[in-house]
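**Q** There's a structure below that I have some questions on.
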Amino acid sequence: MYLLVVFAWIVVCATASKSTVRHLIPRNDSKPAPRTVGYFGNWDIYGSTPYYIPNIPARNLTHLIYSFANVNSTTGEVYLSDTWADLQYPYPGDDRSAIGNNVYGNIKQLYLWKKQQRNLKTMLSIGGGTYSSNIVPVLANDTLRQKFADSAVALLANLGFDGLDIDYESVSDSVQAEQFVDLLNKTRTALDTFAANISASPFSLSFASPGGSSFYGLLDFSAMDKYLDFWNFMGYAYTGSWNTYSGHQASLYNSTTNPLSTPVDTHTGILYYISEGVTRNKINLGCPLYGASFNNTSGPGTAFDGIGTLGTNGAAGLWNYNSLPVPGFNATTYNLPDIGASYSYDPVKKYMISYDSPKIAAVKAQYVLDMGLGGTMWWEVSQDRTDDSSLIGTTVDTYGGQSTLDQTLNHLNYSTSVYDNLRAGFPAESVANITAPSTSTTATATPSWTSSVTSSLMEPSTVPGCTKYHLVVSGDTCQKIESEYGITNAEFMQWNPYSGSTCANLWLGYYVCVQGPTTSISSSTPVTTSATILTTAAPPSPTEPRTISSCASYHLVVSGDTCYSIENKYGITPHDFSQWNPYIGSDCMNLWLGFYICVQGPTSSTSSSAFVTSSAIAASSSTPRTIPTKTTPTPTTSSTAPPSPTEPRTISTCTDYHLVVSGDTCYSIEQKYGITANQFNEWNPYVGSECGSLWLAFYVCIGAPSTDSGSSSSRKGYLG
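Residue numbers -16 to -1, 1 to 704, in mature numbering (1 follows the signal peptide of the UniProt record, and there is no 0), belong to the letters of the sequence shown in order.
Spelled out as structure tokens, the structure:
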């Protein structure tokens, strides 16, 4: 009883005054070097303001946690959630023609950062809000827990990570708590076994741990602590639309003067963790790099009417820190260091945003030092500012600068990786040069251009003879580039057909044409030309994207041509024309002047099933493949790399592939291999539920572990 009274007295006093914490909670005076841990979402490279691995503030970070891997709820296997972003995204400097089984995308850039910044450790996070539900059935089965551990470590070994992070915040009862401890045990054992096999230093294991008592109350802290290198305490998302009163979403302490504004606070949770056996210097204090809004409110601790419809990138009620202050608002920022919280408020719009300011970031960093905690964690790095108001930078400065941070070296030896270039350590390569999105208020500079570029740095299908090129930088759009150079959309599309009519393929770090050849054909100038047909073994240049590779004859599109006139000229059907030139579209919107299209298909039929297993892929290595055909597919399981070219974002756990040939539809492929539309969509998400992106002569997945129940869904028979 005496101990309980003393503990209660400690909690009350500690929450009342920050200065008393140093006396009530003795810390470890060894003062280990602080960790600075940032999460990065693999989706950050998409959207109107993309953020890339080269943009991360690597010198201010000791750990970067790459989010999120998914989990197969049936088999327990951990797999990548977006193989296009993770393994394939084309960064400047990538030599995609290099021989071998090579990895590119974000994974390559992570490794290159590690070469350049040796104290930066990278970790793969598994689960998160979207995929955590898939972990539930895995926890309940010992075999699946082992598969989880083994497959997660296999990803680490192949992709060059320094550790694993598990983001599962919903332990429901004591049984699941025990199962989760065993999952950590199995993962820790698998990591240590791998380290021993390659004679490496230990690999890390962390847990994204909840900050609210309703989520952490059931955890077996002391048992978990044995297997974890650190805990990423999520000291945010304390308030939101679910509350009755507006409040501080990441307050350090409970407010004694306005308790309705702090229904949850960080300090109470930290004290509980320590009291339950968590090693204090393993705890990283998680801080938000975003703000949460409250609409029609009088301020913290008062009633509100929803979170509003505004937010960064259309996310209602959520604002990236680098989007603040909100344009068009007249808000004042209030710092409350006594409770470790800050917020902005517009009294006219009655709009409040709870977020961490630089002053509060410094308060929290000092709290970490005073409490003897392990460091700071942020969700997530793309949302920070890049100027002097950076919250990450402010925290590092409070710690004493970059030299005071954890200097533990990362790993560079991955001798068992399946990827040739990663196994070799990417010799003579460095992090891609991509400018980070600006958060300053200074005017943008005049766009830079060059008159000469090597073909490897151009977008595919860029018009030959271009006289001026523009380097695509963060924030660029086709419309913005057209405006900067005073060119029309028709001209841009004619010179850069690969970018697409929706600008979906405008690649950051690559050059596009902004001034065409001096002798180019103008769509506004009528040209009288007889039909130009070309018979050649190799495709002429420039050719429309995705034109059938086995075309026998080509037509050069001239002014006045339409799909209908070309079909009539060569006596071909609309069906054949669409099969041979799928990129043009059924509405003929992508028929480009000055480009070649196919007007005669292959002389021999290609309608047989082009089925290939991963085993066949492995045997073929980098030499040209003869694709085996099968009338009765018999998929085999293999862990080798996918064939090339494969549709973007194809599931990484695919075991069997199909080469799309003329006449294929999603429906016909599903029928051929006996799979459901749901399975096909799950394995090939880029194709789309309407089969709008089934690309001719690309591989699609037709066999993989699936969580689909087997039910079918309707499917339109669009042509590939």
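Backbone N, C-alpha and C define an ideal beta-carbon position, used for all residues, glycine too.
Given the structure is predicted, the values throughout are model-derived calculations rather than measurements.
Is the beta carbon of Tyr538 closer than 8 Å to that of Val498?
**A** Numbered from its first residue, the sequence shown carries residue 498 at position 514. Numbered from its first residue, the sequence shown carries residue 538 at position 554. Against a cut-off of 8 Å, the Cβ pair of Tyr538 and Val498 comes out as no contact.
**Q** When the Cα of Pro16 is compared with those of Ala661, Val347, Val352, Asn306, which residue comes out closest?
**A** As a working mapping, residue 16 is identified with position 32 in the sequence shown. Looking at the Cα atoms, Val352 is the closest of the given residues.
**Q** Go to residue 705, then tell me how far its alpha helix (DSSP H) extends in each direction, as first and last residue.
**A** This structure cannot speak to residue 705, because the chain is shown only from -16 to 704.
**Q** For Gly285, collect the residues of the same chain with a Cβ closer than 6 Å to its Cβ; drop the 5 residues on either side in sequence, then sort them by chain order.
**A** The sequence position of residue 285 within the sequence shown is 301, counting from 1. Excluding positions up to five away in sequence, the list reads Tyr229, Asn242, Leu244, Ser245.
**Q** Please name the residue, chosen from Ile323, Ala300, Thr502, that lies closest to Asn238 on a Cα-to-Cα basis.
**A** Numbered from 1 along the sequence shown, position 254 holds the residue referred to as residue 238. With distances taken between Cα atoms, Asn238 lies closest to Ile323.
**Q** May I ask you to verify whether the segment 201 to 209 touches the segment 218 to 225, counting CB pairs closer than 8 Å and requiring at least 3?
**A** Flag = no, the segment 201 to 209 and the segment 218 to 225 do not touch.
**Q** Throw me the rounded Cβ distance for the Pro18 and Thr531 pair, which I believe falls under 8 Å.
**A** By one-based count along the sequence shown, residue 18 stands at place 34. By one-based count along the sequence shown, residue 531 stands at place 547. Contact doesn't hold; Cβ gap of about 56 Å is too wide.
**Q** Report the partner residues of Ile267 according to the DSSP bridge assignment.
**A** One-based indexing of the sequence shown puts residue 267 at position 283. Trp215, per the DSSP bridge assignment.
**Q** Express the C-alpha separation of Ala136 and Val62 in angstroms, rounding to a whole number.
**A** Translated into positions along the sequence shown, residue 62 becomes position 78. Translated into positions along the sequence shown, residue 136 becomes position 152. Rounded to the nearest angstrom, the two C-alpha atoms are 5 Å apart.
**Q** Tell me whether His395 sits in a helix, a strand or coil according to DSSP, three-state version.
**A** Along the sequence shown, one-based indexing puts residue 395 at 411. Coil at His395, not helix or strand.
**Q** Decide yes or no for the touch test of the segment 399 to 414 against the segment 377 to 386: beta carbon pairs closer than 8 Å, at least 3 of them.
**A** Contact fails: fewer than three Cβ-Cβ distances are below 8 Å.
**Q** Please name the residue, chosen from Ala133, Tyr36, Glu475, Ser525, that lies closest to Asn90 on a Cα-to-Cα basis.
**A** In the sequence shown, counting from the first residue as 1, residue 90 sits at position 106. The shortest Cα separation from Asn90 among Ala133, Tyr36, Glu475, Ser525 belongs to Tyr36.
**Q** Measuring only the C-alpha atoms, how far is Ile150 from Phe52?
**A** Residue numbering aside, residue 150 sits at position 166 when the sequence shown is read from its first letter. Residue numbering aside, residue 52 sits at position 68 when the sequence shown is read from its first letter. Approximately 9 Å, taken between the alpha carbons.
**Q** From what residue to what residue does the beta strand (DSSP E) around Asp151 run?
**A** Taking the first residue of the sequence shown as 1, we reach residue 151 at position 167. Segment 147 to 151, the beta strand (DSSP E) holding Asp151.
**Q** For Asp213, count neighbouring C-beta atoms within 10 Å of its own C-beta (all shown protein chains included) and say buried if the count is 16 or more, exposed if not.
**A** Numbered from 1 along the sequence shown, position 229 holds the residue referred to as residue 213. By the neighbour-count rule (16 or more Cβ atoms within 10 Å), Asp213 is buried.
**Q** May I have the straight-line CA-CA distance separating Ser188 from Ala138, to the nearest angstrom?
**A** Position 204 of the sequence shown, counted from the first residue, corresponds to residue 188. Position 154 of the sequence shown, counted from the first residue, corresponds to residue 138. Approximately 14 Å, taken between the alpha carbons.
**Q** So is Trp303 buried or exposed if we call it buried at 16+ other beta carbons inside 10 Å?
**A** Counting from 1 along the sequence shown, the entry for residue 303 is found at position 319. Buried, since its Cβ has 16 or more Cβ neighbours within 10 Å.
**Q** Under a Cβ-count criterion, where at least 16 other Cβ atoms within 10 Å of its own Cβ denotes burial, should His559 be classed as buried or exposed?
**A** Within the sequence shown, the letter at position 575 stands for residue 559. Per the 10 Å Cβ criterion, exposed.
**Q** What are the boundary residues of the alpha helix (DSSP H) that includes Ala346?
**A** What you label residue 346 is simply residue 362 of the sequence shown in a count that begins at 1. Taken as a continuous stretch (DSSP letters only), the alpha helix (DSSP H) holding Ala346 covers 342 to 355.
**Q** By the 10 Å Cβ neighbour count, where 16 or more other Cβ atoms means buried, how is Arg172 classified, buried or exposed?
**A** Translated into positions along the sequence shown, residue 172 becomes position 188. By the 10 Å Cβ count, Arg172 comes out buried.
**Q** Please list, in chain order, all residues of the same chain as Asp78 whose beta carbon is under 6 Å from its beta carbon, the five residues on each side excluded.
**A** The residue given as residue 78 occupies position 94 in the sequence shown. Only Tyr88 meet the Cβ criterion.
**Q** Quick one: what's got a C-beta closer than 6 Å to residue 711's C-beta in the same chain, skipping five residues either side?
**A** Because the chain spans -16 through 704 in this model, residue 711 falls outside it and cannot be assessed.
**Q** Can you round the beta-carbon distance between Asn268 and Val21 to whole angstroms, since I take them to be within the 8 Å contact cut?
**A** What you label residue 268 is simply residue 284 of the sequence shown in a count that begins at 1. What you label residue 21 is simply residue 37 of the sequence shown in a count that begins at 1. About 5 Å separates the two Cβ atoms, so the contact holds.
**Q** Taking only the alpha-carbon atoms, compute the straight-line gap between Asn280 and Asp340 and give it to the nearest angstrom.
**A** Counted from its first residue, the sequence shown places residue 280 at position 296. Counted from its first residue, the sequence shown places residue 340 at position 356. Cα to Cα, Asn280 sits roughly 21 Å from Asp340.
**Q** Note down the Cα distance separating Gly298 from Ser32, rounded to an integer number of angstroms.
**A** Residue mapping note: residue 298 aligns to position 314 of the sequence shown, counting from 1. Residue mapping note: residue 32 aligns to position 48 of the sequence shown, counting from 1. About 11 Å.
**Q** To test your reading of the DSSP string, which unbroken alpha helix (DSSP H) runs of 4 or more residues are found completely within the segment 102 to 134?
**A** With a minimum length of 4 residues, the continuous alpha helix (DSSP H) runs that stay inside the segment 102 to 134 are 112 to 115, 119 to 123.
**Q** Does the beta carbon of Ala207 come closer than 8 Å to any beta carbon on chain D?
**A** Among the protein chains of the structure shown there is no chain D, as only one such chain exists.
**Q** Looking at Ala207: is its Cβ nearer than 8 Å to the Cβ of Gln163?
**A** For the purposes of this step, residue 207 is taken as the residue at position 223 of the sequence shown. For the purposes of this step, residue 163 is taken as the residue at position 179 of the sequence shown. The answer is no: Cβ separation not under 8 Å.
**Q** Leaving out five residues before and five after Thr557 in sequence, what residues of the same chain have Cβ atoms less than 8 Å from its Cβ?
**A** Sequence index remark: in the sequence shown, residue 557 carries index 573 (1-based). Answer for Thr557: Glu551, listed in chain order.
**Q** Just the C-alpha distance for Gly687 and Glu153, rounded to the nearest angstrom, thanks.
**A** To locate residue 687, count along the sequence shown from 1; it is residue 703. To locate residue 153, count along the sequence shown from 1; it is residue 169. Answer to the nearest angstrom: the Cα atoms are 32 Å apart.
**Q** With 16 as the cutoff for other CB atoms within 10 Å, does Ser636 come out buried or exposed?
**A** Here residue 636 corresponds to residue number 652 of the sequence shown, with the count starting at 1. Ser636 should be labelled buried.
**Q** Under three-state DSSP, which class holds Asp322?
**A** For this step, residue 322 is matched to residue 338 along the sequence shown. Looking at Asp322 - three-state DSSP - the assignment turns out to be coil, as it is neither helix nor strand.
**Q** What's the gap between the Cα of Ala174 and the Cα of Thr378?
**A** Position 190 of the sequence shown, counted from the start, is the residue given in the question as residue 174. Position 394 of the sequence shown, counted from the start, is the residue given in the question as residue 378. In a straight line, the C-alpha of Ala174 is about 37 Å away from that of Thr378.
**Q** Taking 7 Å as the limit between beta carbons, can you name the residues of its chain near Asp70, skipping five residues before and five after?
**A** The residue you call residue 70 lines up with position 86 of the sequence shown. Cβ neighbours of Asp70 beyond the five flanking positions: Asn26, Leu64, Gly89, Asn90, Ile91.
**Q** Could you spell out the range, first to last residue, of the alpha helix (DSSP H) harbouring Ser198?
**A** For the purposes of this step, residue 198 is taken as residue 214 along the sequence shown, with counting starting at 1. Note, Ser198: alpha helix (DSSP H), 197 to 200.
**Q** Between Gly358, Tyr670, Leu393, which has its C-alpha nearest Lys99's C-alpha?
**A** Counting from 1 along the sequence shown, the entry for residue 99 is found at position 115. For the residues Gly358, Tyr670, Leu393, the minimum Cα distance to Lys99 belongs to Leu393.
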